[in-house]
Amino acid sequence: MPAPQLLGIYPVESVQEVHQSLPLDPLGPGAADLLAGDVEYRLHFLLQEAKKFMVHGKRSTLMPEDVEHAMEALNVEPVIVPPRPLPQAQFHAVPVPSGTAGSSQQLYHVLDDEIDFATYLREPLPPALINSAGVKWKAHWLAVEGVQPAIPENPAPSSRAGPSRPQATPTTGAASLRPSAKAHLTTELQLYFSRLTAALIPPTSQLPNLPGNPPSNATTHSFPDAERHRLAALGSVRSDAAVAGVLAYLVRWVAESINKTLSGATGTIGCLIDVVEAILDNDVLFVEPYLHQFLGPLLSIILTVPLGPHPPSSGGGQPTPFELRTRASDVLAKLVTLYGKGYPGLVPRLLSTLNRALHSSPFPSPLGAEFPPAGRYEGAVLGITALGKHAVKDALWGEHGEKTDVVNNLVAILYPGDGRKGKTGLMKATFRALATLARPKPTDWVPTPPSFDELSNFLGPNFAKALEKRPWMAFELARLHKEGADIMETDE
Amino acid sequence: MSDSPTPVAGSSAQAPRAEPPAHAQAVMEYLQQHGFDKALQTFQAELQSAGGEDKDADGEEEGPSGGAVATGVRRGSAAGKDAIIRAPPPIPLDNMVKRNIPQATAVSVSTMSDKITPDFIAQAKYIIEQLQTRLESANADEEAGKPSTSQAPAFIDPSDRVEGYKRYRRWVNDGLDLWRFELDNLSFPLFAHTFLDLIDFGFADAAQRFYQENAEHHKVYHPSELSYLSSITAAHQILLDPYAQRLRSERYQIPLSRNSFALLVQWLSGAGLDEEWESGLHGVPGRAKEAIRAIVNSRLDIKVSDSAMPLDKIAIASSSGLLSSLLPPATSADKFNSMTQLKLGAPQMLDKLREEVIRIVREEDEAVNGENEGGAGSVANGHPNGTDANGDIEMGDASRDMRTMSPLKKTIKIEPDDNRDPDLVSPDSNETLPPQPTFYKVTDVKREVEAVRDKRKMIRLGPKPDEKAGGSSATLPSVVAFTMYDGGEALTSVEFSPDSSLIAAGSAESTVRLWSLRDEKLKAKQIGQIVEDEGLAMRKLVGHSGPVYSLSFDPISGSGGPPHSLLSASQDGTVRLWSLDTYSNLVVYRGHNRDPVWDVEWGPMGVYFASASRDRTARLWSSDRLTPLRMYTGHLSDVNCVKFHPNSLYLATGSSDNSCRLWDVQRGACLRLFLGHTDAVTTMAISPDGRTLASAGLDCSIYLWDLGSARPIKKMTGHNAPIQSLSFSAESSVLVSGSLDCTVRCWDVKSSGGPRTGRGMDFDGARSGGMGGTGALPMGPSELNWEDQGQTADLLSTFHTKRTPIAKVHYTPRNLCMAAGSFVPPTNKAV
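Note that the protein sequences, when read in sequence, are chains V and C.
Anchor point for the first sequence: position 468 equals 468 in UniProt numbering, and the numbering is continuous, going up by one each time.
Anchor point for the second sequence: position 669 equals 669 in UniProt numbering, and the numbering is continuous, going up by one each time.
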């Protein structure tokens with residue numbers, strides 16, 4: 001019976017390579033597997049021990065010497081590592097022709113040269129050692145009776161980024177924003193600004209009660225207070241000319257808030273998208289100078305993975321990431337239709353960004369999910385849809401549908417094992433995009449979709465499968481495939 | 001995929017071939033009754049192929065996949081049909097599908113071939129092997145004339161175990177909030193044993209998947225255990241790994257209140273409104289519960305408390321786990337901790353010494369009185385609470401006036417502890433370490449006089465007693481930060497001398513550096529010569545051959561004069577004693593062999609010191625002997641820190657086995673066990689009043705323990721990186737902690753703590769739990785700052801440094817807090 005396959009991260013090939021490099025008898029069946037598992041276990045053990053040396057060294061970074069000490073403690077022959085200020089030996093890559101043809105692997109090792117002690121000692125010390133006058137210390141008041149004095153040695157209250165807390169936001173928005181707003185604005189405008197921003201974002205605790213979009217069928221007075229305030233504030237942004245006074249601050253506030261809440265409650269992001277849309281809706285405002293400030297955040301919402309909190313909160317009424325991306329791309333579409341003509345560089349730039357996102361190779365899920373996240377691609381397709389027909393044709397369709405390969409391949413990678421390929425977000429988004437190329441469905445149309453084989457021939461099996469439920473789309477795509485892109489011109 | 005099923009089918013097909021057909025019938029019957037549809041299909045397929053028919057390839061391919069999903073049968077492939085018809089008695093197709101619901105929903109037709117994994121084959125093989133052995137034994141039984149059906153415990157099927165764990169978690173999560181924490185506490189041992197079972201049966205893939213899916217849930221409370229488990233990938237490693245061994249050999253103790261225990265029993269017996277139970281033991285749900293029940297029965301030890309109230313979270317944490325190896329046999333943690341009475345009082349001062357100290361203090365006061373004889377008396381009398389005045393800081397003339405009071409009051413102030421803690425038993429004079437001498441020396445007098453002065457000039461911290469109504473009227477400490485720079489991250493230990501005249505820093509490159517904090521030069525004496533040299537601003541002590549992990553100044557002169565010796569502990573396994581007169585190494589103490597010594601501390605009266613090492617022991621040494629006097633053994637992992645009780649009778653140790661212990665220094669016996677931490681304990685502090693132990697470590701939380709009862713007082717959270725150092729203020733009311741997250745935080749020792757509430761209208765703290773409040777918008781109107789999430793209410797204040805992880809915090813006797821750390825320059829290299 002073969003040994004059960006061990007699922008470690010230590011590659012079996014590595015054991016085989018080492019074995020081949022030594023004059024040993026051939027490995028028995030399964031021996032490499034067992035050895036790899038054992039090596040991995042020992043490595044774990046060694047690291048567990050090394051961690052203790054790191055902890056007692058009062059550090060949060062594991063250093064080579066920790067491992068060295070751990071090896072010493074475990075009675076393993078240590079690999080001699082030069083002490084820290086001295087230059088560390090580099091790893092050298094050696095290509096190894098492996099058994100399977102075509103894929104040559106890299107083997108890394110440290111060159112173990114013989115060192116002549118006399119010359120080694122005569123070598124100049126590294127600059128870090130020469131220039132340092134040794135350890136020194138300096139004392140300062142960290143706190144005086146519980147209050148941190150504002151001296152250069154202490155961090156400013158707003159910037160509390162420490163080396164061990166890289167996730168700390170560099171500025172807390174209101175703190176960094178208010179003073180500047182205070183310096184330039186009248187008291188009335190300041191008050192207006194603070195009320196506006198407070199009302200536009202309902203507190204997180206109330207988010208589950210309200211949707212990102214106000215439902216059309218509900219009457220205004222049935223909303224909770226927070227939602228009524230929000231709608232009023234949105235109305236103000238949409239129509240008031242007074243917004244012009246605080247526009248610069250409002251735009252900055254929106255941009256920063258979006259950047260900060262990308263992994264926050266999806267309802268909050270929805271609210272912020274509403275604000276962007278409201279600003280664009282206001283035709284009294286002169287928004288052009290701030291356009292570029294909107295683009296970044298909007299693209300962030302469209303492309304960020306993962307969007308929203310993790311684990312996704314299933315609280316009632318909160319929009320899903322897909323809905324958010326759709327909504328953001330709608331706003332992007334609005335922006336493009338309003339200003340795309342005036343700024344000819346805008347659409348190509350957006351298109352190239354989205355295209356790059358679409359063609360980036362899938363990466364493992366940062367949250368440890370089984371499959372690579374699909375959100376970025378969904379977002380990219382949605383964004384391209386927002387840019388209009390030409391963009392869709394350029395990026396997703398091509399002349400005769402040849403560019404659909406990208407999506408087809410992505411679907412296979414992103415949703416393996418999922419039987420419902422047609423219902424995945426990416427497919428939905430793609431059909432939304434392609435629908436802009438298709439003609440409207442005539443009411444008297446009798447479903448005569450092309451056959452499965454025909455479709456899968458030029459669109460790939462995943463597409464064809466998804467098209468089973470969309471006969472008109474299938475028909476149109478087949479037509480577009482046959483007639484080519486000149487359809488576009490006739491449509492225009 | 002193509003090559004893996006072949007050898008299996010071939011090898012195991014031999015066994016059925018050897019069996020008489022009657023056995024095969026019985027096997028199939030059993031499989032069908034018990035719902036092992038996958039196995040049944042495989043078995044049938046193999047029987048077919050073994051029968052020598054030319055369907056070989058067909059049977060192999062169809063068997064496992066058809067078994068995975070009933071639709072395989074419905075599609076009506078020849079081999080599948082054949083198998084079903086052969087299976088006695090034929091069951092309706094609907095029933096078949098129903099029984100296969102879990103698999104059928106999970107797998108679609110197109111991905112069926114994915115199911116034939118090595119795992120699946122291992123599983124099928126395992127079941128078949130088990131069946132064979134069972135049949136054989138059944139035959140043997142029948143021959144002996146016994147009924148064989150009674151001896152059938154639940155069958156071992158990996159998917160059942162995983163399913164059982166999932167069902168348990170789902171049940172707990174859907175249940176009442178009130179009992180959730182208690183019952184959730186049970187899910188970690190269930191997780192660990194399920195994982196180990198899977199590994200043990202050889203389903204490494206399934207085990208990995210199980211671990212990855214479910215480990216996240218346990219990360220908060222069992223980080224270190226998870227890291228042990230994660231390294232296990234094969235059955236033989238269970239025998240190697242010490243933690244897995246303990247899990248297997250000991251019973252995991254779980255405290256439950258009466259009600260939650262009743263709930264658990266109800267669930268396990270399936271007596272609830274569980275519709276799944278209708279399908280009986282032979283269905284998947286039944287077997288899943290059976291798996292859980294097997295773990296509960298054989299691996300756990302559930303302690304049911306008398307109270308119907310849900311247990312306190314901290315109490316749960318401190319009384320669950322693998323306790324039996326930590327404690328002497330047949331003792332519960334509570335019983336063990338209450339077996340002995342502790343003498344936590346301060347030792348009595350020698351009568352003659354006390355008289356001398358009183359005399360000197362009185363003389364000093366009279367001298368001061370003499371100076372300000374004029375109007376000072378009236379001021380002192382006019383002061384509303386003159387007796388309390390020596391709590392003030394010396395600030396110019398006004399405060400000096402306050403100290404003009406009658407000598408009678410002063411004598412009371414010399415021994416405030418006598419009045420304050422009548423319930424603490426003081427040790428006898430011959431019990432302390434070293435026993436109190438019958439004479440006193442000049443340094444003793446100096447030390448005690450200085451202690452009285454310190455008491456008087458001390459800054460009183462914590463809430464002011466007269467302004468209890470106001471919430472924010474607490475006096476907070478002043479903190480001086482000493483930032484080392486140009487040393488990289490090589491700083492491994494820092495220590496301040498008791499009189500705050502020296503700072504010592506041990507480095508990773510094995511040296512100890514000494515500086516004067518008073519801007520004086522450090523002058524060295526030569527042995528045999530009286531004249532001192534000119535002195536250096538910094539002295540380097542060279543001798544160790546590894547990083548210096550701990551330093552300790554001798555406490556004999558107290559704050560009355562500079563210390564004369566320094567102890568250092570290092571990775572090279574030695575403790576060294578340095579003279580601070582000659583700045584040379586006097587003694588090398590070897591005893592921990594080559595194991596690194598993590599911590600060393602002088603006893604509160606000098607002469608003796610204790611060390612803690614990776615060899616899982618703490619040792620007591622006398623500075624005039626080269627071998628240790630006592631060994632304190634009992635910890636199951638490295639001893640990370642040692643701390644003497646202020647009266648020198650007891651020694652506290654903190655260890656990587658997530659526990660702290662209190663030892664009788666003289667007898668070497670463990671008196672108290674403190675359980676509750678979820679990761680290694682790396683630092684401790686004992687309050688100067690001798691009642692409270694504070695411990696903290698890698699789990700970023702601080703526990704306060706009552707030494708007398710070993711009960712946890714409270715858990716204080718707020719740091720978000722490992723805590724490196726703790727220190728109590730002189731009146732034991734404020735605790736400061738220094739951490740790698742570059743903050744110094746002050747904690748209120750006396751308040752009740754608990755999660756932070758109030759502050760407007762947020763409920764997020766409870767809802768978003770451990771996520772650090774990602775849902776909160778930083779600039780929202782009344783939103784809690786994201787940094788405040790997870791902080792307990794007793795956090796008085798947080799002082800951030802720029803980029804200095806704090807390695808040491810230290811209160812001087814006058815309640816000035818000193819913090820030290822090494823500046824981490826921003827680098828581009830370290831990403």
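Beta carbons are placed, not taken as given, at the ideal position from N, Cα and C, and that holds for glycine.
Which chain V residues are close to residue i, counting only those with a beta carbon under 7 Å from its beta carbon?
| i | result |
| --- | --- |
| residue 482 of chain C | 137, 139 |
| residue 598 of chain C | 56 |
Counting only beta-carbon separations shorter than 8 Å, does residue i have a partner in chain C?
| i | result |
| --- | --- |
| residue 41 of chain V | yes |
| residue 469 of chain V | no |
| residue 45 of chain V | yes |
| residue 125 of chain V | no |
| residue 219 of chain V | In this prediction, residue 219 of chain V scores a pLDDT of 44, lower than 50, which makes its location untrustworthy; no coordinate-derived value is stated. |
| residue 16 of chain V | no |
| residue 143 of chain V | yes |
Compare the C-beta of residue i against all C-beta atoms of chain V and say whether one is closer than 8 Å.
| i | result |
| --- | --- |
| residue 565 of chain C | no |
| residue 227 of chain C | yes |
| residue 513 of chain C | yes |
| residue 485 of chain C | yes |
| residue 799 of chain C | yes |
| residue 165 of chain C | no |
| residue 479 of chain C | yes |
| residue 811 of chain C | no |
Going by DSSP, what residue range makes up the beta strand (DSSP E) through residue i?
| i | result |
| --- | --- |
| residue 140 of chain V | 136-143 |
| residue 876 of chain C | The question about residue 876 of chain C has no answer here: the residues shown for chain C are numbered 1 through 831. |
| residue 809 of chain C | 806-811 |
Check for me: the alpha helix (DSSP H) holding residue i runs from which residue to which?
| i | result |
| --- | --- |
| residue 71 of chain V | 64-73 |
| residue 673 of chain C | Where residue 673 of chain C is concerned, there is no enclosing alpha helix (DSSP H), although the beta strand (DSSP E) it sits in stretches over 670-675. |
| residue 45 of chain V | 31-56 |
| residue 227 of chain C | 223-230 |
| residue 483 of chain C | Here residue 483 of chain C belongs to no alpha helix (DSSP H); instead the beta strand (DSSP E) covers 479-485. |
| residue 800 of chain C | Per DSSP, residue 800 of chain C belongs to no alpha helix (DSSP H); it is in the beta strand (DSSP E), 795-800. |
Could you tell me which residues DSSP pairs with residue i in its beta bridges?
| i | result |
| --- | --- |
| residue 585 of chain C | C:578 |
| residue 685 of chain C | C:694 |
| residue 726 of chain C | C:737 |
| residue 495 of chain C | C:504 |
| residue 106 of chain V | V:95 |
Starting from the beta carbon of residue i, find every residue of chain V whose beta carbon is closer than 8 Å, and list them in chain order.
| i | result |
| --- | --- |
| residue 712 of chain C | Simply none; closest approach about 23 Å. |
| residue 614 of chain C | 52, 73 |
| residue 656 of chain C | 52 |
Considering only residues of the same chain and omitting the five flanking positions on each side of residue i, which have a CB-CB separation below 8 Å?
| i | result |
| --- | --- |
| residue 258 of chain C | 304, 305, 306, 307, 308 |
| residue 234 of chain C | 199, 204 |
| residue 507 of chain C | 487, 490, 491, 492, 513, 547, 548 |
Could you name the residues of the same chain whose beta carbon sits closer than 7 Å to that of residue i, not counting the 5 residues immediately before and after it, in chain order?
| i | result |
| --- | --- |
| residue 638 of chain C | 598, 614, 616, 655, 656 |
Considering only residues of the same chain and omitting the five flanking positions on each side of residue i, which have a CB-CB separation below 6 Å?
| i | result |
| --- | --- |
| residue 287 of chain V | none |
| residue 258 of chain V | 272, 297 |
| residue 221 of chain C | 678 |
Report the neighbours of residue i on chain V: residues whose CB is nearer than 9 Å to its CB, in chain order.
| i | result |
| --- | --- |
| residue 570 of chain C | Here the premise fails: no neighbours, minimum Cβ distance about 10 Å. |
| residue 475 of chain C | 145, 146 |
So residue i contacts chain C; which residues on that side make the cut at Cβ distance below 9 Å?
| i | result |
| --- | --- |
| residue 69 of chain V | 546, 547, 571, 596 |
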